[in-house]
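J.: Protein chains in written order, with the working numbering: chain F, 1 to 309; chain E, 1001 to 1309. Note that the Cβ used here is the ideal one computed from N, Cα and C, for glycine as well. If you're wondering where the values come from, they're calculated on a predicted model, not measured in any experiment.
1. List the DSSP bridge partners of residue 1203 of chain E.
2. Pull up the distance between the alpha-carbon of residue 1286 of chain E and that of residue 1040 of chain E, whole angstroms please.
3. Taking DSSP as the reference, what is the three-state secondary structure of residue 87 of chain F?
4. Along the alpha helix (DSSP H) that carries residue 1184 of chain E, what are the first and last residues, could you check?
5. Compare the Cα-Cα distances from residue 1160 of chain E to each of E/1144, E/1132, E/1166 and report the closest residue.
6. Excluding the 5 residues flanking residue 1246 of chain E on each side, which residues of the same chain have their C-beta closer than 6 Å to its C-beta?
7. Nearest by alpha-carbon distance to residue 1060 of chain E: which of E/1137, E/1004, E/1101 is it?
8. Please give me, in chain order, every unbroken run of the beta strand (DSSP E) with length at least 3 that falls completely inside the region 1064-1145 of chain E.
9. Who are residue 270 of chain F's beta bridge partners in DSSP?
10. Residue 160 of chain F lies in the beta strand (DSSP E); which residues open and close that run?
11. Quickly, what does DSSP pair residue 1002 of chain E with across the bridge? List them, please.
12. Identify whether residue 1307 of chain E lies in helix, strand or coil by the three-state DSSP scheme.
13. Can you list the residues of chain E that residue 116 of chain F reaches, using a CB-CB cut of under 7 Å?
14. DSSP three-state label for residue 1038 of chain E, please.
15. Got a sec, what are the start and stop residues for the beta strand (DSSP E) residue 1178 of chain E sits in?
16. Which term fits residue 1241 of chain E, buried or exposed, when burial requires 16 or more other beta carbons within 10 angstroms of its beta carbon?
17. Could you tell me whether the region 1135-1143 of chain E touches the region 1112-1125 of chain E, using the rule of 3 or more Cβ pairs below 8 Å?
18. Any Cβ of chain E within less than 8 Å of the Cβ of residue 248 of chain F?
19. One question on the structure: do residue 249 of chain F and residue 192 of chain F come within less than 8 Å of each other, judged by their Cβ atoms?
20. Starting from residue 1236 of chain E, follow its DSSP beta bridges and name the residues at the other end.
21. Please state the DSSP three-state secondary structure of residue 53 of chain F.
22. Is residue 75 of chain F near the ligand NAD, judged by its Cβ being under 7 Å from some heavy atom?
23. Closer than 7 Å by C-beta to residue 255 of chain F: which residues in its own chain qualify, once you throw out the five before and the five after it? Chain order, please.
24. CB-CB under 6 Å to residue 174 of chain F, same chain, minus the five flanking residues each way: which ones, in chain order?
25. Going by beta carbon distance, what residues of the same chain come within less than 7 Å of residue 1183 of chain E, once the five residues before and after it are set aside?
26. Leaving aside the five residues before and after residue 1279 of chain E along the sequence, list all residues of the same chain whose C-beta is less than 6 Å from its C-beta, in chain order.
27. Give me the chain E residues within the contact set of residue 119 of chain F, using Cβ-Cβ distance strictly less than 7 Å, ordered along the chain.
28. According to DSSP, is residue 48 of chain F part of a helix, a strand, or is it coil?
29. Would you kindly work out how many angstroms separate the C-alpha atoms of residue 283 of chain F and residue 1305 of chain E, rounded to a whole number?
30. To be precise: take each residue of the region 1163-1178 of chain E, compare its Cβ to all Cβ atoms of chain F, and keep it if any distance is under 9 Å. Which residues remain?
31. Does any C-beta atom of chain F lie closer than 8 Å to the C-beta of residue 1096 of chain E?
32. For residue 1156 of chain E, would you say it is in contact with chain F, using Cβ-to-Cβ distances shorter than 8 Å as the test?
33. Quick one: give me the first and last residue of the beta strand (DSSP E) that residue 1221 of chain E is part of.
34. Could you tell me how far apart the beta carbons of residue 1203 of chain E and residue 1229 of chain E are, in whole angstroms, since I believe they sit closer than 8 Å?
35. Taking the alpha helix (DSSP H) that residue 1214 of chain E belongs to, which residues open and close that run?
36. Taking 8 Å as the CB-CB limit, is residue 1216 of chain E close to chain F?
Structural data, given as structure tokens:
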């Protein structure tokens, strides 16, 4: 069985895959293209080669192992039509993203940029406008692995952590869970909204003009999942009007975020370049998942993190 | 009984004190001085008026209620000699300071300044050097209320939180506690040191050349208690040599930190102007403590937060 890796996990790790009985070939995502060496692969271990690589020319392809949690980059029709199996790196980045959420809340409440600016200018000037998280209501859109790891980290902060999922079922680490139908009722009552939902067409611009308008003027919004969940144009209009204590965005409607976007320029917008998932443990955790599934695949056992398309 | 307040908590709160039977007078700390109206007070509710106010000229003074947690600003000899009672605001600022500790760890591990600089320049460039807290060893010097609130907040981060106190007695929220004698043995083994000890002469420059030298090259140091616990000259030498992943200092040997201090200029030093205790809840919590002790004092009951001098 031939497996193409678009990322080089190093000799030792790839040899461990070979020891499972696979023929392993590494072709970097930035240069991969169709051709005889690539097109006969049965397995593709990748993030997003689909703009350079046409999988309709890969008749043997039966399994795509994504190194990402999201799977919106897939050529969906082709994958569905041919029943190609897809697994993702579910949970593999959730811990650092959970940390990122806690950090972003704290940075907005503590006005970190103020202090960095003053340090640059060597100005000692106390900031009496900083807030604490105690007693605040934080609403997570989604109660999946990212939201759960964030909620777990927020446990000790004496805030109320609310999770929204389809039916409002209780989940560990959330003080309360609400259903999708109750969302708009809660949006106006909470101090912070954290977007941690997977993206699909029905969820496009879930956080729209109406949603943003319903939020408190002093509210915080954090998005660590997918940019298209937020209507950025509407968000910019509200920011122009002076709304929101702070906004932390790690993801955007278009990535890289175009230079023309007004989002770059707001002092109370905290931007990062889709970076929240990164940590020194990323390859270790990613590879654990890949290895486990290739072991299972070679034994014809049930795969983990199978994506329902 | 006459009580002088050097901060104006507002009519409603001061009337509540008057209802306890006190004569209340407000004189701001920035302008207070000795004189007939001040010198006959029995109680002084203040932070640090002692550079302007000579309490040896206040013969009726029996109780000083400090709005700070630290009490190193007191004219110690006079207070001890006359057995003046002193209470502090123990625990009153510990929650926001606990948040500050968690935030500082995260900002250093996630290299926040990098992202703020890139945002200023509208540059989208991923940073693969960011770390996570999972599995890291964090040593708190002190297991008092500040350290405890910080440790409580760090519970969900899957780090190992170690507390140092005099005898190594176990304390809630710490995964392990060690004694003062074991400190140097642990300093070289941990990824982060958080200084949360009260200051006194024996503790001067506890974190000295030898302590800093023993720390890991990639270690983090956070100080949220008193600046004089750290030998800043030695710290600057190590920073010049490239040591440390990051340093977060909210307190300094001299405050305001002089413009000449090299500490301002290091990118991996995160400075704040003794600001970590601030939150929108500060007056509420401070006043609760003051009210409780004035109630107890008028009933000749035992005071809370009595400082042992």
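T.: Quick look at the numbers:
1. Note: residue 1203 of chain E sits in no beta bridge, so no partner.
2. Residue 1286 of chain E and residue 1040 of chain E have their C-alpha atoms roughly 24 Å apart.
3. strand
4. Its alpha helix (DSSP H) spans residues 1183-1187.
5. E/1132
6. Closer than 6 Å at Cβ, skipping near neighbours: 1108, 1220, 1268.
7. E/1004
8. 1085-1087, 1137-1141
9. DSSP lists F/248 as the bridge partner or partners of residue 270 of chain F.
10. 160-165 is the span of the beta strand (DSSP E), which, as asked, contains residue 160 of chain F.
11. E/1023
12. coil
13. 1113, 1116
14. helix
15. 1176-1179
16. exposed
17. Touching, no, given that fewer than three Cβ pairs across the two stretches are closer than 8 Å.
18. no
19. no
20. Residue 1236 of chain E is not bridged to any residue.
21. coil
22. Within the structure as shown, the ligand NAD is missing, as the structure has no ligands at all.
23. 227, 274
24. 151, 161, 163
25. 1164
26. Closer than 6 Å at Cβ, skipping near neighbours: 1096.
27. 1264, 1271
28. coil
29. 50 Å
30. 1173
31. yes
32. True, the Cβ-Cβ gap to chain F drops below 8 Å.
33. 1220-1223
34. 6 Å
35. Run containing residue 1214 of chain E: 1209-1214, per the alpha helix (DSSP H) assignment.
36. no
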